[in-house]
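Protein chains in written order, with full-length UniProt numbering: chain A, 1 to 631; chain C, 1 to 549.
Notes for the one structure printed next.
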Amino acid sequence: METAPADGLIAASWLLIALPLAGAAVLLLGGRRTDRWGHLLGTGTVVAAFVLGLLCTLQLDGRRLDVALFTFMSTGSLDVRAGLLFDPLSALFVLLITGVGSLIHVYSIGYMEHDPRRRRFFAYLNLFVAAMLLLVLGDNFVALYVGWEGVGLASYLLIAFWHERPSAATAAKKAFIMNRVGDVGLALAIFLMFAQLGTVSYDGVFGSIGLLAGGTVTAIGLLLLLGACGKSGQFPLQAWLPDAMEGPTPVSALIHAATMVTAGVYLIARCAPIYDATPTARTVVLAVGAVTLMIGAIAGCAQDDIKKVLAYSTVSQIGYMFLAVGLGPIGYVAGLAHLLTHGFFKAGLFLGAGSVMHAMGDQVDMRRFGGLAPHMKVTFVTFGLGYLALIGFPFLSGFYTKDAIIEAAFDRGDGWGYLLGGLAILAAGLTAFYMTRLMLMTFFGRPRWEPGVHPHESPAVMTAPMVLLAVGSVAAGFLLVVAFPLEEWLAPVFGEPEAAEHVVAPIVVSVLVTLVMLAGVVTAWLFVGRREVPVTPPVRVSPVTRAARRALYADAVNESLFMRPGQWLTRALVFVDNRGVDGAVNGLAATLGGSSSRLGRTQTGFVRSYALSMLGGAVVVAGALLAVTTG
Amino acid sequence: MTDFPWLLAMIAVPAVGAAVVAALPRGREETAKQAALGVSLVVLLLAVLATAAFDVGGERFQLTTSVPWIPDFGVDFALGVDGIALVMLLLIGVLVPVVVLASWRDEPVGRRSMRTFFAWLLLLESFMVGVFAATDVFLFYVFFEAMLVPMYFLIGSFGGPRRQYAAVKFFLYSLVGGLVMLAAVIGLYVVSANELGEGTFAFDTLRQVEIDPDVQRLLFLGFFVAFAIKAPLVPFHTWLPDSGAEAPIGGAVLLVGVLDKVGTFGFIRYCLPLFPDASRDLAPYVLVLAVAGVLYAALLAMGQSDMKRLVAYTSVAHFGFIALGIFAFTTEATTGAVLYMVNHGLSTGLLFLVVGMLIARGGSRQVGDYGGVARQAPLLAGVFLVAGLASLALPGTNSFVSEFLVLIGSFPTRPVFTVLATVGIVLAALYVLLVYQRTMHGPPRGVLLEPAPEASAPGTGSPAPVGGGGATAATATLDAPAAAPARLRVHDLTPRELAVAAPMVALVIALGVYPQPLIDLVEPAVAATMSDVGADPAGVTPEAPGGTD
């Protein structure tokens with residue numbers, strides 16, 4: 001599809017990025033003067049960006065529009081221009097980011113009300129929104145990379161927002177480092193594109209990808225995937241995401257559930273022309289998605305921290321999305337639809353969890369909850385709807401979008417298709433299990449509260465966004481799949497939808513998934529609902545539970561493979577550099593000087609020796625010059 | 001305008017200023033500071049005006065001044081700049097006033113006076129301008145050696161506890177390098193005498209002399225060793241951590257920010273154009289040193305407990321990137337390397353400055369003596385973070401542009417080396433974030449801590465609430481001896497410190513967002529150098545046929 005210069009309001013779509021960026025700048029540079037109204041400004045810029053984004057989207061009409069801004073860096077044959085691409089795909093993300101972003105900004109006004117650094121929090125949130133919009137709006141890979149690392153910075157700042165807590169500071173660092181590992185892949189992919197094609201713009205790369213040898217395309221695909229895995233918390237770079245829950249809960253909702261962590265899915269969908277040309281890389285995407293989907297679901301079953309359950313659920317749900325986009329043309333739309341509905345219900349779930357924590361004195365241990373439903377009715381109902389949407393309760397969001405992915409997996413038609421579809425159904429059962437466990441431990445049963453806790457409903461500024469997201473959780477799936485099919489909106493990007501020939505009839509898939517889901521719910525009730533929940537986690541548990549509690553030993557593997565050898569290597573090198581390299585030079589100097597004390601003695605009369613050596617040098621120069629000219 | 005001897009003025013003004021400041025009577029310290037600041041601001045103004053007078057599309061060397069100096073040996077006092085030298089002069093112009101301001105409250109040790117300090121600083125500025133502005137190889141050598149003297153005294157007289165050791169080590173390393181280069185300079189003269197009939201030191205003439213490849217190799221090595229010591233490449237680097245750690249902060253900024261760049265500048269200006277065959281033949285060996293430096297020094301930086309040594313090691317890693325960019329022989333990478341030289345001066349300069357501000361508060365250089373500073377001094381922590389992020393080349397900061405250009409420009413010709421160096425970006429994130437977390441995050445602790453009050457006053461016993469969703473349980477256990485609440489007694493940046501940091505932060509971000517004017521300034525000189533060394537000045541040709549859009 002042809003790219004045309006932007007017109008009308010879309011020509012001003014750079015304001016989408018500029019508004020929240022300006023908000024962040026004012027709040028950070030303005031200092032305490034902006035304390036009183038900082039949160040309002042921060043919320044206002046994102047709401048304004050949402051309105052602008054909506055108007056731009058209405059004007060789009062399926063076109064692919066380019067907004068040229070300025071020359072970023074141009075030297076030799078490299079020409080990187082700052083420019084934006086507004087097309088149906090980026091428009092979707094703009095609406096998701098600014099829409100969910102607005103709601104979460106509003107919620108944060110209440111959630112962070114008593115924090116002395118609330119202004120700074122809004123500054124970082126604004127910075128995040130600006131960087132995320134650049135990520136999805138850039139019209140070339142360098143702009144993508146700038147936004148990509150920009151959201152990484154915002155994520156770092158927000159995870160470490162309560163940096164007095166060492167666990168928060170460490171989690172932030174871990175997130176940044178593991179993301180950087182992924183970024184190396186993304187950077188190398190860009191280098192490879194430039195070396196082979198001489199361009200880094202989307203149009204340039206996608207237009208000439210056919211010129212490349214198959215192996216090169218596969219290499220680019222795999223390197224991009226490494227970047228996607230880092231940002232989206234996919235295997236083998238998934239371990240940072242659960243730790244990132246150290247950040248304030250609105251951050252978990254916006255960055256670590258609804259938007260930033262889905263950037264990997266965006267990257268792969270945006271690079272569809274590359275992945276279409278390399279079945280090998282696509283298969284690896286599939287495998288990563290399938291593995292992560294299982295890891296997340298299994299780990300989610302054994303967590304007691306309400307936010308960690310939701311975090312592993314996010315890991316697992318993004319696994320679904322990777323699986324979908326790894327399927328290629330039949331899966332892109334399904335993956336993106338799930339991304340959007342997940343954005344609604346997972347953000348809603350996190351905000352609900354934040355509301356619960358707010359009520360329970362910042363407690364996150366579900367073993368200390370119980371029986372909360374009558375005390376916080378709005379939270380219970382909105383959270384419950386998000387829960388039903390996530391587990392795929394019929395006719396709610398997850399039901400439509402998750403089933404579409406499972407159908408697409410079966411539609412591969414080969415043994416792999418059945419395997420992946422089977423895994424996805426199994427994971428749906430696990431999802432139902434861990435989410436039901438969460439619901440039962442939090443809202444039902446006997447209260448197991450800490451002494452002195454008096455749960456109460458959160459203020460309207462917090463519940464209103466929860467209600468809106470709950471409405472989205474209920475309706476989004478139907479709207480995107482049935483009423484206004486996403487397929488048609490995205491047809492200019494991924495091509496006209498084909499009448500798919502299903503290997504397994506959709507109704508069979510739906511029934512199967514629903515049955516497995518119900519099995520998960522019942523199992524959870526058997527394990528948690530009908531028994532008393534012990535306040536301390538049982539010690540004598542099966543090896544499976546123990547492994548699940550430790551998220552299948554991801555941290556242990558990282559520590560023993562990278563961290564400890566790295567620390568050992570660093571210590572050894574410091575020793576070598578001080579004793580070896582430096583010692584050799586000092587020793588050489590000492591040997592030449594006759595004794596090591598000579599060096600000490602030269603220091604005292606150094607100015608004299610210096611003058612002497614200068615004189616010596618001058619004599620050498622003069623002598624040499626004479627020799628040259630006369631000789 | 002163009003006839004005005006800008007470069008001569010930029011050498012003379014600080015030299016005269018140095019003499020005036022040194023001649024001030026004892027006790028006029030304030031006047032000395034003000035004079036030094038005034039003079040350095042004049043030099044900055046001159047640098048800006050010189051840039052305005054520079055015609056980007058014009059001759060390779062501009063703003064030239066030349067007077068015969070030692071006519072018997074063809075030595076001229078010849079000055080002139082290309083775009084590369086010009087941006088280095090701008091960097092000097094910016095850094096010196098910042099350094100003067102940053103050293104405003106420094107207390108000299110012993111009987112030394114700050115008058116002397118500022119006099120040496122201005123003399124150093126004069127020589128630094130000279131070394132970049134010289135277009136006569138002998139004149140370059142003279143400035144190259146002369147530069148050592150003020151820096152030797154800045155380290156040896158005004159540095160930390162081991163300043164004597166550090167100063168001597170700095171001096172010996174530099175002197176050895178200088179002597180080797182001297183031999184090569186003379187050799188170059190001999191060769192030119194043989195080829196042209198009359199010896200010369202003029203760079204533009206020497207550039208056109210055809211030199212026998214074997215001789216080239218020897219002469220290349222002579223220059224290379226001197227430059228590799230100056231812009232320390234592993235394994236010539238061990239003097240820098242000592243000098244960087246012991247030098248006063250202002251000296252450290254100029255040492256790492258400008259002085260060391262003479263080495264990388266020398267690679268581009270002298271090694272490549274004068275000895276193109278040798279440069280091409282020996283490039284793989286240089287690249288091994290460069291990439292080894294990127295990885296080795298980054299690992300070492302992680303293992304340092306002294307903040308100033310840490311910053312010095314990060315610089316060794318950065319010099320590895322610069323050398324990679326230069327010896328990849330592409331316009332993109334070398335442009336990146338030149339930008340890197342400027343950007344590193346700003347970002348690492350800022351890092352040294354902010355580390356200095358922290359040390360000024362705590363009196364210790366040890367990372368382990370600090371903790372939780374961000375809570376009490378958010379501005380200080382913010383500047384520290386900006387400097388750190390620039391050091392790890394985060395997009396949006398100036399260093400990203402240069403590091404990205406170096407890597408993307410080196411990849412087409414040197415993929416293996418580039419992939420290895422790219423791993424360095426993970427290590428950079430590690431060394432920056434580790435030191436940031438240890439000093440700025442966590443509960444307050446270390447030398448900035450208020451001594452425990454005699455009696456724990458009721459009402460102050462509980463730690464301040466951390467925030468809306470903070471885990472109170474975690475905070476309670478952290479401040480375990482809850483009876484004596486840990487309190488930092490650290491004040492945030494003073495207006496003077498803000499005036500030091502603000503222009504640097506502004507440049508770091510401005511050059512990160514809109515670097516093209518800087519690229520336009522240096523690219524013609526880079527392209528000319530690429531022609532000299534036999535590479536395509538138009539840049540990398542894509543491998544896939546018809547691949548450009």
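Here a beta-carbon is modelled for each residue, glycine too, at the ideal position from N, C-alpha and C.
The structure presented is a predicted model; accordingly, all values stated were derived computationally and were not measured.
Can you find a C-beta in chain C that's less than 7 Å from the C-beta of residue i?
| i | result |
| --- | --- |
| Arg119 (chain A) | no |
| Ile177 (chain A) | yes |
| Gly210 (chain A) | no |
| Gly76 (chain A) | yes |
| Val461 (chain A) | no |
| Met571 (chain A) | Going by the sequence as given, residue 571 (chain A) is Arg instead of Met. Yes - at least one Cβ of chain C is within 7 Å of the one on Arg571 (chain A). |
| Ser597 (chain A) | Residue placement at Ser597 (chain A) is poorly supported in this model, since its pLDDT is 44, which falls under 50; the coordinates still yield a value, given next. No, Ser597 (chain A) lies away from the interface with chain C (no Cβ there is under 7 Å from its Cβ). |
Tell me which residues share the same chain as residue i and place their Cβ nearer than 7 Å to its Cβ, disregarding the 5 neighbours each side in the sequence.
| i | result |
| --- | --- |
| Lys261 (chain C) | Met88, Ala231, Met341, Gly345 |
| Leu103 (chain A) | Pro465, Leu468, Leu469 |
| residue 556 (chain C) | Residue 556 (chain C) lies beyond the stretch modelled for chain C, which goes from 1 to 549, so this question has no answer here. |
Counting only beta-carbon separations shorter than 7 Å, does residue i have a partner in chain A?
| i | result |
| --- | --- |
| Glu332 (chain C) | yes |
| Val191 (chain C) | no |
| Leu433 (chain C) | yes |
| Asp479 (chain C) | In this prediction, Asp479 (chain C) has a pLDDT of 39, which is less than 50 and means its spatial position is unreliable; nothing more can be read from the coordinates. |
| Val81 (chain C) | no |
| Lys232 (chain C) | Looking at the sequence itself, residue 232 (chain C) is Pro, so the reference to Lys does not match. Taking Cβ atoms only, chain A never reaches closer than 7 Å to Pro232 (chain C), which makes this a no. |
| Pro515 (chain C) | yes |
| Thr264 (chain C) | no |
| Phe201 (chain C) | no |
| Ile92 (chain C) | no |
I think residue i touches residue j, with their Cβ atoms under 8 Å apart; what is that distance to the nearest whole Å?
| i | j | result |
| --- | --- | --- |
| Ile17 (chain A) | Leu137 (chain A) | 7 Å |
| Thr341 (chain A) | Leu480 (chain A) | 7 Å |
| Val209 (chain C) | Glu195 (chain C) | 5 Å |
| Ala427 (chain A) | Met294 (chain A) | 6 Å |
| Met440 (chain C) | Phe384 (chain C) | 6 Å |
| Val421 (chain C) | Leu324 (chain C) | Reading off the sequence shown, one finds Ala at residue 421 (chain C), where the question assumed Val. Their Cβ separation, rounded to whole angstroms, is 6 Å, which keeps Ala421 (chain C) and Leu324 (chain C) in contact under 8 Å. |
| Thr397 (chain C) | Leu405 (chain C) | So it is not a contact: roughly 14 Å between Cβ atoms. |
Select from the options the residue whose C-alpha is nearest the C-alpha of residue i.
| i | options | result |
| --- | --- | --- |
| Gly336 (chain C) | C:Ala393, C:Val354, C:Pro284 | C:Ala393 |
| Phe224 (chain C) | C:Arg105, C:Glu198, C:Gly197, C:Ser174 | C:Ser174 |
| Ala359 (chain A) | A:Ala432, A:Thr463, A:Val261 | A:Thr463 |
| Met357 (chain A) | A:Thr170, A:His456, A:Ala11 | A:His456 |
| Thr262 (chain A) | A:Arg119, A:Asp79, A:Gly289 | A:Gly289 |
| Leu289 (chain C) | C:Val316, C:Met302, C:Val56, C:Tyr270 | C:Val316 |
| Ala133 (chain C) | C:Val94, C:Phe117, C:Thr64, C:Pro150 | C:Thr64 |
| Ala239 (chain A) | A:Val181, A:Tyr145, A:Val508, A:Thr249 | A:Val181 |
| His39 (chain A) | A:Asp115, A:Ala82, A:Trp14 | A:Asp115 |
| Leu153 (chain A) | A:Asp304, A:Ile255, A:Phe206, A:Cys301 | A:Ile255 |
| Leu69 (chain A) | A:Trp14, A:Thr98, A:Leu372 | A:Trp14 |
| Phe345 (chain A) | A:Leu390, A:Gly354, A:Ile306 | A:Leu390 |
Quick one: what's got a C-beta closer than 6 Å to residue i's C-beta in the same chain, skipping five residues either side?
| i | result |
| --- | --- |
| Gly264 (chain A) | Ala228, Lys231, Ser232 |
| Ser208 (chain A) | Leu197 |
If you drop the 5 nearest sequence neighbours on each side, which residues of the same chain put their C-beta closer than 8 Å to that of residue i?
| i | result |
| --- | --- |
| Leu46 (chain C) | Trp6, Ala9, Met10, Val13, Gly93 |
| Gly57 (chain C) | Pro524 |
| Met530 (chain C) | Phe329, Thr330, Thr331, Thr334, Asp536, Pro537 |
#### Entry: Whole runs of the alpha helix (DSSP H) within the region 205-239 of chain A, excluding any shorter than 4 residues
214-232
### Message
In chain order, what are the residue ranges of uninterrupted alpha helix (DSSP H) at least 4 long that sit wholly in the region 374-455 of chain A?
### Response
377-391, 397-411, 415-443
### Task
Could you pull out every unbroken alpha helix (DSSP H) segment of at least 4 residues lying fully inside the region 125-211 of chain A, listed in chain order?
141-159, 166-197, 202-207
### Query
What residue ranges within the region 292-377 of chain A form continuous alpha helix (DSSP H) runs of no fewer than 4 residues, ordered along the chain?
306-326, 332-359
### Query
If you scan the region 329-381 of chain C from start to end, which runs of the alpha helix (DSSP H) of 4 or more residues do you find wholly inside it?
331-362, 373-376
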